[in-house]
Amino acid sequence: MRTRAQYIERLGKMNRNLYSNGQMIDRLDERQEGAINVMSLTFDAAWDPASMDLCTAKSHLTGKTINRFNHIHQNAQDLHKKQDMTRFMCNKVGQCIQRCMGIDAANAINAVSYEAQKSPKAKTTYHKNWLKWLERFQNEDLVASCAQTDVKGERLKRPAEQTDPDMYVHVVEERSDGIIVRGCKVHISEASISDEILVVPNRALQKGEEAYAVAFAIPSDYEGIKQVVHFHNYRKRDTYDRGIEYGYTDSYIFFDDCFVPWERVFLCGEIQHGGLAALLFALFHRHSYSGCKPAMLDYVIGMGALAAEINGIEKTPHVRELLSKLIMTGELGYAAGYTASALAKPEVYMPGLGHVPYGPGSYIPNSIYANVGRCLSGEAVFHEQEILCNIAGGMPATFPYENDLTNPETKHLLEKYLNRNPKIPIEEQIKFWMNFIDFGLSGSAGSTLYGAYHGGGSPIMEQIAITSQYDMESKKDIVRAIAGMKPRAKKK
Ligand SMILES: Cc1cc2nc3c(=O)[nH]c(=O)nc-3n(C[C@H](O)[C@H](O)[C@H](O)COP(=O)(O)OP(=O)(O)OC[C@H]3O[C@@H](n4cnc5c(N)ncnc54)[C@H](O)[C@@H]3O)c2cc1C
87 MRTRAQYIER
97 LGKMNRNLYS
107 NGQMIDRLDE
117 RQEGAINVMS
127 LTFDAAWDPA
137 SMDLCTAKSH
147 LTGKTINRFN
157 HIHQNAQDLH
167 KKQDMTRFMC
177 NKVGQCIQRC
187 MGIDAANAIN
197 AVSYEAQKSP
207 KAKTTYHKNW
217 LKWLERFQNE
227 DLVASCAQTD
237 VKGERLKRPA
247 EQTDPDMYVH
257 VVEERSDGII
267 VRGCKVHISE
277 ASISDEILVV
287 PNRALQKGEE
297 AYAVAFAIPS
307 DYEGIKQVVH
317 FHNYRKRDTY
327 DRGIEYGYTD
337 SYIFFDDCFV
347 PWERVFLCGE
357 IQHGGLAALL
367 FALFHRHSYS
377 GCKPAMLDYV
387 IGMGALAAEI
397 NGIEKTPHVR
407 ELLSKLIMTG
417 ELGYAAGYTA
427 SALAKPEVYM
437 PGLGHVPYGP
447 GSYIPNSIYA
457 NVGRCLSGEA
467 VFHEQEILCN
477 IAGGMPATFP
487 YENDLTNPET
497 KHLLEKYLNR
507 NPKIPIEEQI
517 KFWMNFIDFG
527 LSGSAGSTLY
537 GAYHGGGSPI
547 MEQIAITSQY
557 DMESKKDIVR
567 AIAGMKPRAK
577 KK
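Take a look at the structure:
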């Protein structure tokens with residue numbers, strides 16, 4: 087396993103292929119520091135005796151102790167631990183810990199490459215290639231991001247129907263030594279601070295869309311790609327230090343006729359498995375949300391409760407009702423994820439066939455519960471801000487700038503009139519409100535809410551997964567029996 091220092095040292099040696107705001111930038115650019123600090127916590131936690139059991143696992147390939155963010159789930163307990171690790175780590179930063187995309191994509195590709203390799207038309211030894219990549223990923227304790235989301239162009243047209251065929255990443259040429267891919271993946275979190283990028287398809291695919299059924303890994307500083315990076319950082323502070331420096335990044339990744347050698351290709355042309363790769367990354371990722379969303383709720387609940395305490399209204403009935411709503415969403419999301427772990431099997435749902443064995447035996451969370459938890463908690467994020475707004479009142483919207491709080495001309499006046507609770511020192515109240523503003527009213531806050539709402543798939547995608555996989559007929563049977571209707575005709 088690596089340390090924080092080793093992770094950062096490697097970043098510093100990487101090739102330059104990042105662009106931001108008109109310039110080519112270095113990986114250790116100061117605007118990346120918040121994100122690098124957050125990612126580094128996942129290395130610290132694996133070495134810390136207090137969290138080592140939760141944040142490490144035994145590799146099923148080598149038997150070595152590895153960071154749990156690089157582990158393939160071998161049983162339901164591994165999924166419970168992934169969920170709890172995610173909540174634990176997100177609690178350290180109050181937001182996303184940013185390393186789950188890699189573990190979720192790795193678990194999806196582990197199953198998909200195994201099944202695709204069985205195809206008589208397989209272009210290469212997909213699973214063998216995968217296991218070689220995975221062993222290095224685990225041994226070197228690498229960070230991977232996952233590039234699934236295509237730009238998608240005209241939304242109501244399928245990949246092969248687009249006016250511009252490059253709107254979904256696809257293979258433009260197969261050569262003896264590898265493939266050439268073209269297209270662009272968007273909103274790819276932490277690609278600018280990761281070691282590797284795992285690329286998977288974005289959607290279910292049909293005949294004629296073989297070129298879009300492609301999965302592979304590339305180094306994130308690969309010369310065949312360019313990244314345009316968006317930073318999400320909070321305003322710098324001079325006096326009122328934060329408890330943690332937080333940040334994250336997202337990239338547009340351009341594959342401008344990018345060469346990928348066969349040994350890094352895990353799927354190439356098998357449309358059924360391409361669709362399953364898309365579905366499985368989304369499923370594992372939605373399960374991760376059952377750890378991070380409850381953690382974000384923990385933060386929001388703490389924020390609402392402290393705002394109420396500072397405002398002296400914590401015992402009022404409306405505040406209790408609002409806080410109870412936050413608790414219910416967070417803990418229901420957690421419970422759904424817990425159940426998805428407990429019911430996990432090495433199986434996937436296939437339309438018309440139900441649940442069938444899939445992959446080499448690694449565990450896949452129950453889809454209904456993973457989707458229910460993600461959808462319920464994802465859709466609630468804007469309402470959670472409304473609750474915080476309700477409890478806080480208008481002050482966060484017009485809060486003084488930091489230098490007005492320290493300027494001798496205005497400091498004493500502001501400290502006198504900002505004080506809402508004589509039992510809490512005014513410096514503490516100021517730090518609290520500045521943090522409240524970072525979380526809910528800053529530029530970065532808006533992006534975070536969009537990520538929490540759409541990440542892992544927009545709510546409509548979860549609703550489609552739930553309703554297409556749910557056993558609706560058995561529910562109608564219950565009503566038929568109670569209403570005295572005729573039973574459903576048995577299938578011949
Ligand atoms: C902060 C952030 C971080 C992210 N991180 C990652 C990441 O690390 N990796 C990754 O792969 N992705 C990532 N995503 C992408 C995320 O998964 C997508 O935002 C999500 O899947 C929605 O896709 P979209 O943004 O293209 O929305 P759009 O597809 O543009 O959706 C816009 C609207 O159109 C509707 N719509 C779209 N297509 C159809 C259709 N065919 N029929 C009817 N309605 C339709 C949608 O339901 C929605 O209402 C991230 C997103 C954000 C905001």
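The sequence shown begins at 87 in this note's numbering and counts up one residue at a time.
Note that the Cβ used here is the ideal one computed from N, Cα and C, for glycine as well.
- Non-local beta-carbon contacts of Leu527 in its own chain, meaning distances under 7 Å to residues more than five positions away in sequence, involve Pro482, Ala483 in chain order.
- Looking at the DSSP output, Ala143 shares a beta bridge with Ile152.
- Set against 6 Å, the gap from the CB of Cys270 to the closest heavy atom of ligand 1 is not smaller.
- By the CB criterion at 7 Å, Asn193 and Phe352 fall outside the cutoff.
- Closest by C-alpha distance to Val272, out of Lys322, Val237, Val257, is Val237.
- Relative to ligand 1, even the nearest heavy atom lies 6 Å or more away from the CB of Gln184.
- Taking a cut-off of 8 Å for Cβ pairs, the segment 454–468 and the segment 163–176 do not touch, as fewer than three such pairs fall below it.
- In its chain, beyond the 5 residues on either side, Arg102 have a beta carbon closer than 6 Å to the beta carbon of Met110.
- About 10 Å separates the CB atoms of Asn196 and Trp219; that is not less than 8 Å, and the two are not in contact.
- Less than 7 Å separates the beta-carbon of Ala277 from that of Gln313.
- Remark: the C-beta of Met187 is in contact range of ligand 1, defined as less than 6 Å to any heavy atom.
- Within the chosen limit of 6 Å, ligand 1 does not reach the beta carbon of His166 with any heavy atom.
- If you ignore the 5 residues before and after Gly479, its C-beta comes within less than 8 Å of the C-beta of Asn397, all in its own chain and listed in chain order.
- For Asn489, DSSP records no beta bridge to any residue.
- Taking Phe345 as the centre and dropping the five residues before and after it, the same chain places the C-beta of Gly264, Ile266, Gly310 closer than 7 Å to its C-beta, in chain order.
- For Ala191, same chain residues with a beta-carbon under 7 Å away, outside a window of 5 residues either side, are Ala230, Cys232, Leu284, Val286, Phe367 in chain order.
- Annotated as distal: Val258 and Phe341, with beta-carbon spacing of 7 Å or more.
- Just so you know, the alpha carbons of Ala430 and Asn505 end up roughly 51 Å apart.
- With three or more CB-CB distances shorter than 8 Å, the segment 439–458 counts as touching the segment 409–428.
- For Ala233, the beta-bridge partners assigned by DSSP are Val285.
- For the pair Ala143 and Ala575, the Cα-to-Cα distance works out to about 49 Å.
- By the Cβ criterion, the segment 404–412 is not in contact with the segment 200–213, since fewer than three pairs of Cβ atoms, one from each stretch, lie closer than 8 Å.
- Note that the C-beta distance between Ser280 and Val315 is not below 7 Å.
- Sorting Cys354, Ala531, Ser448 by C-alpha distance to the C-alpha of Ala162 places Ser448 at the top.
- Under the criterion of beta carbons closer than 8 Å, His318 and Ser533 qualify as touching, at roughly 5 Å.
- Distances taken from the Cβ of Ser463 to the heavy atoms of ligand 1 include none shorter than 6 Å.
- Burial of Ala303 is indicated by the presence of at least 16 other C-beta atoms within 10 angstroms of its C-beta.
- By alpha-carbon distance to Ile450, the top candidate from Leu383, Leu362, Phe522 is Leu362.
- In terms of side-chain proximity, the C-beta atom of Arg244 is found no nearer than 6 Å to any non-hydrogen atom of ligand 1.
- The three-state reading of DSSP puts Asp307 in coil, since its state is none of H, G, I, E or B.
- In this chain, the alpha helix (DSSP H) harbouring Leu127 covers 119–133.
- For Lys271, the enclosing beta strand (DSSP E) begins and ends at 264–275.
- In the structure shown, Asp342 falls within a strand segment according to DSSP collapsed to helix, strand and coil.
- In this structure the segment 534–554 does not lie against the segment 503–517, because fewer than three pairs of beta carbons, one per stretch, are closer than 8 Å.
- Counting C-beta pairs with one atom in each stretch, the segment 151–168 and the segment 428–442 have three or more that are closer than 8 Å, which means they touch.
- For Leu365, no beta strand (DSSP E) segment is defined; the enclosing uninterrupted segment is the alpha helix (DSSP H) at 357–397.
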